[in-house]
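With the working numbering applied, the sequence shown corresponds to residues -18 to 62, in that order.
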Amino acid sequence: ARDLLASAEQSERVALGRYKEGVGSFLDLLAAQSALANARALEVQARAGWLLAVAQLTRDIGLMPRTDITTELVNTPRVTP
């Protein structure tokens, strides 16, 4: 997710620069911005999944009292790459 985000950020910077110089289209810029937004959403989902896994592991090995840990992210938009 981090590599995808870094690549999307670079692509957006390039598309913005090209658009400002008049050699790139507005559509190219919008596509790069959309890809960046998707990459950011995927990174958030990956981080949330990692944190849930750490919490589950902590609970499973007895370092956290037994409580219900939801594995579903409520109100988190799902992004399809």
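Don't be surprised by glycine CBs; every beta carbon is placed ideally from N, CA and C.
Alpha-carbon to alpha-carbon, residue j and residue i
| i | j | result |
| --- | --- | --- |
| A89 | G43 | It is not possible to answer for residue 89, since the shown part of the chain is limited to -18 through 62. |
| S(-12) | A16 | 10 Å |
| K1 | E(-10) | 16 Å |
| A22 | L(-15) | 11 Å |
| S(-8) | M45 | 42 Å |
| A13 | A(-4) | 7 Å |
| T39 | V4 | 53 Å |
| Q37 | A(-18) | 21 Å |
| L11 | V35 | 36 Å |
Burial state of residue i (16 or more Cβ within 10 Å)
| i | result |
| --- | --- |
| A18 | exposed |
Supposed contact pair residue j and residue i - C-beta distance, whole angstroms, cut 8 Å
| i | j | result |
| --- | --- | --- |
| D9 | R(-1) | 7 Å |
Reduced DSSP secondary structure (H/G/I, E/B, other) of residue i
| i | result |
| --- | --- |
| A(-13) | helix |
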